[in-house]
Every structure is written in C-alpha cells, then in structure tokens.
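Residue numbers (full-length UniProt numbering), protein chains in the order written: chain A, 1 to 306; chain B, 1 to 306; chain C, 1 to 306; chain D, 1 to 306. Even glycine gets a Cβ: it sits at the ideal position worked out from N, Cα and C. Note that this is a predicted model, so its numbers are computed, not measured. First up is the structure itself, then whatever we jot down about it.
There are 4 protein chains.
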Amino acid sequence: MAITGIMRPGFIQIRVLDMPAAIEFYTKRIGLHQVTEGPDGRVYLKSADEFDHHSIVLRRADSAGVDAAGFKCVKDSDLDHYEKRVTDYGFAVDHVKAGEQPGLGRRIGFTIPTGHRIELYAESEQSDPKPRTHNPDVWELEPHGMAARRFDHSLLYGPDVQGNLDFFEKALDFRCAERVDMPDGVFAIWMTCGMKAHDIAFVKYPEPNKLHHVAFELENWQSIGHAADILTRYDISIDLGPTRHGITRGQTIYFFDPSGNRCETFAGGYTYYPDIPTRTWDETQVGKGIFYYERQLNDAFLSVVS
Amino acid sequence: MAITGIMRPGFIQIRVLDMPAAIEFYTKRIGLHQVTEGPDGRVYLKSADEFDHHSIVLRRADSAGVDAAGFKCVKDSDLDHYEKRVTDYGFAVDHVKAGEQPGLGRRIGFTIPTGHRIELYAESEQSDPKPRTHNPDVWELEPHGMAARRFDHSLLYGPDVQGNLDFFEKALDFRCAERVDMPDGVFAIWMTCGMKAHDIAFVKYPEPNKLHHVAFELENWQSIGHAADILTRYDISIDLGPTRHGITRGQTIYFFDPSGNRCETFAGGYTYYPDIPTRTWDETQVGKGIFYYERQLNDAFLSVVS
Amino acid sequence: MAITGIMRPGFIQIRVLDMPAAIEFYTKRIGLHQVTEGPDGRVYLKSADEFDHHSIVLRRADSAGVDAAGFKCVKDSDLDHYEKRVTDYGFAVDHVKAGEQPGLGRRIGFTIPTGHRIELYAESEQSDPKPRTHNPDVWELEPHGMAARRFDHSLLYGPDVQGNLDFFEKALDFRCAERVDMPDGVFAIWMTCGMKAHDIAFVKYPEPNKLHHVAFELENWQSIGHAADILTRYDISIDLGPTRHGITRGQTIYFFDPSGNRCETFAGGYTYYPDIPTRTWDETQVGKGIFYYERQLNDAFLSVVS
Amino acid sequence: MAITGIMRPGFIQIRVLDMPAAIEFYTKRIGLHQVTEGPDGRVYLKSADEFDHHSIVLRRADSAGVDAAGFKCVKDSDLDHYEKRVTDYGFAVDHVKAGEQPGLGRRIGFTIPTGHRIELYAESEQSDPKPRTHNPDVWELEPHGMAARRFDHSLLYGPDVQGNLDFFEKALDFRCAERVDMPDGVFAIWMTCGMKAHDIAFVKYPEPNKLHHVAFELENWQSIGHAADILTRYDISIDLGPTRHGITRGQTIYFFDPSGNRCETFAGGYTYYPDIPTRTWDETQVGKGIFYYERQLNDAFLSVVS
C-alpha cells in the first residue's frame, strides 16, 4: 500500500517524580536503554530494537502524567499537510523547533478534545543501540528485563472522547478499530494509523489530560509471564494481569512505575487493515472487552490515572 | 497513516494433483475451512480469522504450482489507478470479471518479470466462518490443526528478480524490506506493501513462474512447535525446520502439501515502517539470512520448486 | 532411585450435580476422554496421555465435593504394608474389592484427620486411548480443549492440617515440599510422594472433608493462556488467574465445573527431591505464596469449597 | 513413594581445552554461575536453581571428554549399600575422599561396561546462588543466557550397551524408560532413577568411554528458541535443532562447547513412573525416535563424540 502521513507513535513524554528511580525502572525492568540526558534534565530512552533516537522521554516534575504524545510522519511536508488539516478543523497549531528534543526535527503540536497534547514530527536521527542493517542478527544486544521491543501505544483519559474520535478520523486519517458504546454515548475508542489494532486509545473521564497507561510491546504470552515474574520479584505494584484484552486481543499486564504512571506490557493483538469492520462493544460486555478473563472492570481501571 | 492502494496479499491460486488429499491437508492440518467449491471444481478456503470470502484457491491440474497471486486494494478505483501505473510501466493488463472467483469483484492481472501472474482486486464478500464484530470473543470456532490465522505471503522463483524489484517499487508502491545481493547482482528480495516484514518475496531461479512456498501465519514459536508435531504425526514431508529466518526474523517450518507445493508456517517477523532501512545480506551470510540456526542453505531451498 | 510404595495420585472421585454437563465439561473443555460408564452410573475419564484405566471418576449426587482420593502403589503387597502402617498409626482401614471401580484392583481406604477418604491400590488395567509403546508418536490423538495431560493433584480443606502432616509423613512416606505457618500453627501443606512439588495439598478450614480443587497438568504457560481463552469463550466461571503460585511455582487458573467443583489447570512447578529443603511461608507473605502476581488472597480462595 | 538410594545425576566432570573459554561459555551462554576454582585448577559451576555445591566440573586437559558422572544418593549408608551391590555384581569399587571435589562428601567409583566412570556420593554442601527457602521468589537472581535450570543428564557412547542395561537395572535400581533395538541387539538405552524420562543414556559405539553430550534443562520450547538465538548470535556451532526427540519427547538443540564437547538444551520430556511400559524403537523408526521432526539421523549424531 502507499503509506503516507502519520506512521506511528514515535515518542511519549511523561512526568516522573524521582528521576533515578524512573531510570532504573525503565532500563532495568522494562528493558530499555538510556540514550542521553538533555541539558534541561529530561532523559531519553529507547528499545534496542528501535532505530529512532528515542521513544520515551522522562521529565522530572511534581506530579506524574503525560506531557505530550508524539507521532512520526513519513516526510517533513506531512507536517505542513496536517497543520492545514488541523487548523481547518478548528484547532490551534503551535511549532516546536528542531532539537528541542535531542535528535528530533521540528514538531507541530495541538490540543485534542480530551485535553491532551499531540505532536507530529517527521525527522529523527538514529541512535545506538539499534538493529544492524547489513547481515543483521535477530538482536545485537541480548534482551534484558522485560525485553520491551518498542513503545507501542498510550491510553489517555479525558471528557470528550466523541470529539477525539471525530478529530482523529477527519483531521489525522486514523481509523477506529474498536469502540465501546454506552447508553449515553461513546465510552472508549481504539484508534489506529496503521496495521496495529491500536496506536492510541481514549476512555471517557471527567478530568482532561489524564494518562491511563503507556504500553510496551513484548514478544508473546511467555514474555508477559516473565514480565509478571519480574514485577513480583522487584515488588513493583501490579494493577491487573497477566490477562488478555477482548478488545485488540492483546495479552497484558498493567502495573505502575515508581511515580505512579501506569505501564502496560502488551503482546499479540490482531493485524488491522482498513477493510476490517470496527468491532463494537456495549455496556453488557464492556468488562469482557477490557479484561477478557476477569470479564469485569476493576475499580482501578476506571479511577486511577496520572 | 493514510493507507491507500494495495493493502495485502488477498488470495493465492495454486494447482494440486489430488483435490481430496489437498482439501484434507489444508483443512485438517493447516487448520483452514472450506468455504465453497466453484462450478469449475476450484475449491475456496480461508482461516476462521479472515473476514474475506477466501484466501486460498485450489485448482486441480496435472502439475503443481501457482496460477496467480492476488492482492486486495482499498477501493475499486485503485484498480484503475494501478492499471494505468502498470500500463505506463510497459506491461500489459487484462481484466477478470467479478464472480470469476466466487465472492470476489473484478480483478486486473498482469505478468511480472519473473513470469508470475499478479492480480489486483478491491471487492470481496465476507464468508463464514469469520470473527464477530459485536462483543466478539478472541475466537468463535476453536482453532484446530496448525491453527493458521491467515494466508500470509508467498515466495516465488524466477529469473529476473531485479526486474521485479524495480516494478514492485515503481508501479505498485511496494518497498523492499530485505534483499540478498550476490556478486552477480540481486539474488532475492522481500517486498512489503504494509507493515509486515514481507507480503511477497522473490528468489532468482533459471525457470520462470515457479512457486517456492505459500506461507500461513501462526501465533508464535509454540505454535510452530505444535505444527511440527502435527507434521510428523501425519507423516507430512518436512523440508526444513522448525527454525528461524535471519531475514524477517520469522520462525518457520517448510513442508510439502500432498501435491508437492511447499508450504510454510510463519510466526513472528518484525514490524516494518517506511522509514526502516532496507536490510541487506551478502553472499557470505546468505545462509544465515535464510536459515538463521543452520547458517547454511540446504539443497532443497535452492532447487525444489513447483 | 528405588521407587517403592505410593507412586502417585491415581484417581479422584468427585460428585457432580448434572452428569451430562459434567461429561461435556471434562471431555470437551478439559480435554479428557470418557472411558466407560459403570453400572451404577459413575463415569470414568482419563487423559489420552495416561496409561491407566481412568483418573477421574464422576458420581451423580445432590451435592458437589470429593468422595475419595486414590493413590497408586508400585505393587500389590504395598497395600498390606501400608495397611499395617496406617493401622499402627491408629486409623481404621477398610477394604474395597477389585472391580468396584472398573479396571482397578483391590483398594484399601481410610479417613485422614481433615476428614477426607484416601484410598490406595496397586492394580489398574490400561484403557484406550493411551500412548503407544512401540515407535510412538508424541501423541496419537490430537490434543483437544485445554489438552490436559494428566490428573495432577488435589487440594483439600479440613480442620486438622497438622494431623494430616504428621500422618502423611509417618504412615505414608510423603514429604512436605512447602508449608505455610500462621501464628496459630500450620495453615497449609504441600505433600509429595515423588518428584513433583506436590501430589496432594491441604489447607486449614473449619469444616472437614471439603474439596478446594482438582488439578490437571497442562504443558506450559502458553497452554494456560489457551485454557483461559476457552474458559471465557464458553462462559465458564473463573475464580482467579491466569497467574502463578509462589508455592510450587506452578502456573495456574482456578475455575469451576458446572457443579461448582473448583478445577485448576497447572503447569510448571519445580522438580522435588528428598534433599530439597521444605520451603516455608509465614503470614506476612502467604498471599504471595498462593497468588504470586496478585500477592494477596482473594475471598474465594479461603471460603469457596465443595 | 519411598525414595531411596540413588536420587539423581549430581555432577559431571568434563575435560576442556581452554578454561577461560569454557567458563565464558558455561556461565554467559548456558547461564550457570561459577562457584569456585579448586587448588588443582578445576572449576565448579552450578545453576542458581540448584541447592547443591556444584553440578558441573571443568578440568583443563589436552583432550575433551568426560572424566566421571556422579549420582547423588539419599543418605551416606546408601554408598555402602551400592558398594556391596556393585561388588557383588563383579565390578571393582574404589573410594574418593570427602573434599576431593570442594563441598562434596566421600564418593565411591566404578567403571561400567561402556568404559565410563560412575561415581556415587550422598553429601553435598549447599552453595550460593541457590533458591531461598523462606518466602522465596520464583527466582532470586534474574536468569541470564540460556537460563539453564539444572544439569539434567548425560548421553555416553561405548561398546557394551547391553552390559550397561543389565548393570544399571540389577546393581543400581535404574529402569529403562526407552530403548532402541537393532537387528544385532540393543543399540541405545534411556535409563532413569526417578521420574524423569532419563537420567543417563547410552548409545552403542566402537570406542569406550566417549561423551556424546551433557544436557541442561530449560523451561520450555520458548526457552529452546531463545537458546538457538543465542547460539547463532555468538557463533556457537549447532549440531542439530531446535527439534524434538521422539524418545523422551524432549525439545532440544545439540551444540558444541569451545572444546568440542556436545551440549544439549533440553525441555519437556514426559513424567516417568515405574509402571510405565518401556517404550521400544526398532531400526525402521530410529531416526524418528532420535530426531522427531527430521525423522532421520544425521552423520554427526552417530560419529562425533568427545
């Protein structure tokens, strides 16, 4: 297919309360590598299986949560294209200069109806460690910790999910792979810009701009089990899992970083194509949709965010 | 991303010598379902996890091999678009009427430099079994046999691989995820039209229009092991595996259907994006590229085709 | 080693409220085979990987629960040996004639301090399906459902766990692989007669002769995940899991048969030898011992028995 | 059961040509830990999941191969018992003083019909790392490399396999779980002293006292795949696999340490009990028995030993 425009979730910038604890957690437990620390103290991380400069940005702050979710576009002119699309849609667009995050080119940013900041960019330097491209091994560096292969997606909470659905479809060319419809309207949406079952998801919540979780892709259910062993061994707080989502079919654990940001290890999930019908869920089965084995929501899913 | 044009491998039509034996093999062992038999005796099969009418077409003939590899496009007008692109490239395009394969809309077809027939189409009815789309379970029908989740890709052999590379990139918008370069030129290419590491691949071979294998996606390495147990239990001839490909990283077994067509069960494989560099292999490491654990080609890989 | 005396859990006889529902559950979901139905209506089941005549006995009754747990000894004279040991210990022993369960030889029986009936026997006919012994395949019959490989163990609830510990060690030559000690005494014990981390386990409970669960061995964590998919697909009530036990390290799901008897699918678990120290747990970590990922007991674990 | 006498394979002492290369291989790749180096330069290794002082002994020598296979007995008096049994059988027994290997008590030794030295001992100190026994985690030290959980068994080559069979059954209380019978007599035997499908195995070979392989237990097929990734990544020579044995059902890879000693990673394998019939294989299916997927022996299996 001709792949154009927004390619994938490229980075997420999250706030942490204790930077050394966060670095230990994301490098030793999740299995990422630290690429660099910026002059303002932000720390940049990546999986050894990612080519781009970084995918996780940690910012020291007094409250946990998300600063911005960045999506990478195919080419620089896509930024102009989407700036016009977003502006035409009625949202303000601002500009971030190349280098504001080390290794990244210029970005455009805007606020979506749930109150979150989304950024688009097209240029990233590559950084080490990364896969070799000539006669490569399956991996160069032996995977460690949970062996996360990539930053996969985020799930964000905010009030106007219907607004996000409309905006992501009309202005950003995303598609809705799955949705939960409650009697009072859309409750949650799983949006994809490619062939993954979701690249970003939103759940309805009274407060805007909340982070539910940042997800890392693992290889398979066996890896999910190993991640669970790590979580208990190092006394890391598990929210739920190992389990499966009915929605996306992903195999999962929810747990918390030392600052209280929820993380997910995610494996599986079906392959999406634009001709796949949107899967819909209603209030009678939403529990099974979210937690396929438990078949009911836990309180924390609905209420604990950062 | 904006997904346009050619989406994915949609079907492959292969020739079999003994139709009942083929049906038993593809339904009971590979784990597909028979959708229907056409008036001309062709038999149409699919995985229960595929929505479209069928993905495998079996045609009774006196020699095994491949008739055509069909790719599904996003919309009908894509056929006009690619007809022009292919014609402009200098290749003749013919037309197949809707319904020539049950459930499929009109197709266009053309012959590529390795001598194979490629077809494009945009319309397919859905057939049962298929996933539910409202409050769906992970599966409706318990998977059976090797539990193939989809027809994944084909690997075809023919003389002018360089010609295919040029054509698929320029006329069909495919990208080359990996390639093997021998001292006398390109030896093999893995081409993708989406986010899979390959949707079709070609290896250089003196005779045109040869089939190396038809691949079915399984869930993971555990599934590959179960497939191997099935192969030995039912005395099905294994070519090689279980092993891994260095190229695409896929976990794999090669084996033969009752007519001598090579099949592959394939799991894993990295996620491709258009900004991922083409991985290249040279003659010193081609063995490791093809069979990562054995690190050398076997004779059958290079010589046994149908 | 010289293996003598009591070899392994051989059968368990449980009570079910609805025999057709129970048969469907244990054959189609757990993956057993029905061997025969006795003249008194009891139904005998086994895994295709077990040689002996049966391992699960279902008896139609008005309340769920366990009638007896049977252990197989190496040779017939072991029954005389253990009859003397048990009698010397001070417990009454009764005799069950050969054929009372089809295919089994004579049994001796006695009541243990928690109020459960334990039986010993040495002779069992073999029944089909069973593994071949000349040039065997890994399996003859393709595994189905959860693909249980054997009846693995039972966990029983009753008041005098300390009494059981003493009796199983002194009269039956079992060893205690793990134990939970509460401030008021031993709370739970995992007893082994061989190299599995447990062959029978007991937890303290006010009422005697209660069944906590009957466990079936699956291959690995991947099989546990598949079992969970089956449980939700067929709306079978899950108690907890997939998770892991800290005690035994087993990977597990607890769920209920149609009569309310709790079942477990169990995989993993370490290899025990007589020189391995008894692992001990105290009240501060008992939650982690039972449910390693959740790190706390759920109410059902302590209160729901049959 | 009453477990008496010989419990399990306790250690194997092998000869290596390059000690630093051997240490790197067994610690970084296989995943063992070095416990200590003795005053004579022998190096002692173990898995972090083993309690005993060591299970692998490396001795620097000019040729690779095996010095002795040690089996651990339940209690010290078992040594006297087996000394009498072996002497009565007609074989000479010698004595090794406590401390000859650090941490081990006294040993008795004798030469078996295939020319190998077998030793028995009953006392071993524990060494770190080892599992905790109070409120233990599933593991204390994160597994690394291939994550070997224990030294599992050895396969030895020599001329008089029939003699070994008779001796191990009559003098050492082992049982034969599987055997291959060729037209000219027994070709290979898999002997167990407990509930594993084999604790030691022998294959007929013209020269005495040869080592075919030393096996390490991994968790499952997924672990076998990861081990294969490690082997190729570090350019370690693979003999065959990943594959499965028909005999024992074990999932396996054969590969070579830097001195040319063949190693195996082994997972799965059925549970053996004394009432399980000996599985037999004949010359028509021996290939499938050894390599279940390939269904034929490779040359190296029959000829490459150390």
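Rounded to whole angstroms, D:K170 and C:D166 show a C-alpha spacing of 34 Å.
Only residues of its own chain outside the window of five on either side were considered, and among them A201, H212, H213 have a CB closer than 6 Å to the CB of B:L155, listed in chain order.
With a threshold of 8 Å between beta carbons, D:I276 makes contact with chain C. Under the Cβ criterion of 8 Å, B:P102 is not counted among the residues facing chain A. Of all residues in the UniProt domain "VOC" (150–268) of chain C, those with a C-beta nearer than 8 Å to a C-beta of chain B are N220, Q222, D229, I230, T232, R233, reading in chain order. Close to chain D, meaning a Cβ-Cβ distance shorter than 8 Å, are the following residues of the region 120–139 of chain A: D137, V138, W139. Along the region 282–300 of chain B, going in chain order, the ones with a CB nearer than 8 Å to a CB of chain D are K288, Y292, Y293, E294, R295. Taking CB atoms only, A:Y44 has no neighbour in chain B less than 8 Å away. The C-beta separation of C:T133 from D:R279 comes to about 5 Å, placing the pair in contact by the 8 Å criterion. Proximity of chain A to B:F51 at the Cβ level (cut-off 8 Å) is accounted for by D275, I276, P277, in chain order. Along the UniProt domain "VOC" (8–123) of chain B, the positions whose C-beta sits under 7 Å from a C-beta of chain A are R8, F51, V74, read in chain order. A residue is called buried when at least 16 other Cβ atoms come within 10 angstroms of its Cβ; D:S124 meets this threshold and is buried. Under a 10 Å Cβ-count criterion, B:T232 is classified as buried, with 16 or more other Cβ atoms of the shown protein chains found around its own Cβ. Beta-bridge pairing by DSSP links D:K210 to D:Y157. According to the DSSP assignment, B:R15 belongs to the beta strand (DSSP E) that extends over 6–16. Burial state of B:D275 is buried, judged by a 10 Å Cβ sphere holding 16 or more other Cβ atoms.
When C:K204, C:V35, C:V96 are compared, the shortest CA-CA separation from C:G109 is found for C:V96.
For D:A48 and D:T271, the gap between their C-alpha atoms comes out near 23 Å. Cβ-Cβ distances below 6 Å link A:R107 to V96, E119, Y121 in the same chain, with the five nearest sequence neighbours on each side left out; the list follows chain order.
Using a 10 angstroms sphere on the CB of C:G194, the tally of other CB atoms reaches 16 or more, which defines it as buried. Assignment of beta-bridge partners to A:F51 by DSSP yields no partner. Cβ atoms of A:Q251 and C:W221 stay farther apart than 8 Å, at about 11 Å. Contact between D:I230 and D:G145 holds, since their C-beta atoms are separated by about 6 Å, short of 8 Å. Taking 8 Å as the cut-off, the beta carbon of A:G38 is found no closer than this to the beta carbon of A:P129.
CA-CA distance, B:A197 to B:T248, rounds to 6 Å. Taking every protein chain shown into account, the CB of D:E207 has fewer than 16 other CB atoms within 10 angstroms, so this residue is exposed.
Pairing D:R59 with D:R117 gives a Cβ-Cβ distance that is not under 8 Å.
Burial check for C:D199: the Cβ neighbour count within 10 Å reaches 16 or more, so the residue is buried. Between the C-alpha atoms of C:L218 and B:Q162 there is a straight-line separation of about 50 Å.
By DSSP's assignment, A:H134 forms a beta bridge with B:T280. Secondary structure note for A:G225: it is in no beta strand (DSSP E), and the uninterrupted alpha helix (DSSP H) holding it is 221–233. Take B:V286, set aside five residues on each side of it, and the residues of its chain with a beta-carbon closer than 6 Å to its own are V180, in chain order. Ranked by Cα distance from D:Q126, the first of D:A300, D:I30, D:G269, D:H53 is D:H53.
In this structure, B:A68 sits near B:Q13, with a CB-CB distance shorter than 8 Å. In this chain, B:M195 is not harboured by any alpha helix (DSSP H), its DSSP state being neither H nor E. Membership of B:E119 in the beta strand (DSSP E) is indicated by the continuous run 117–121.
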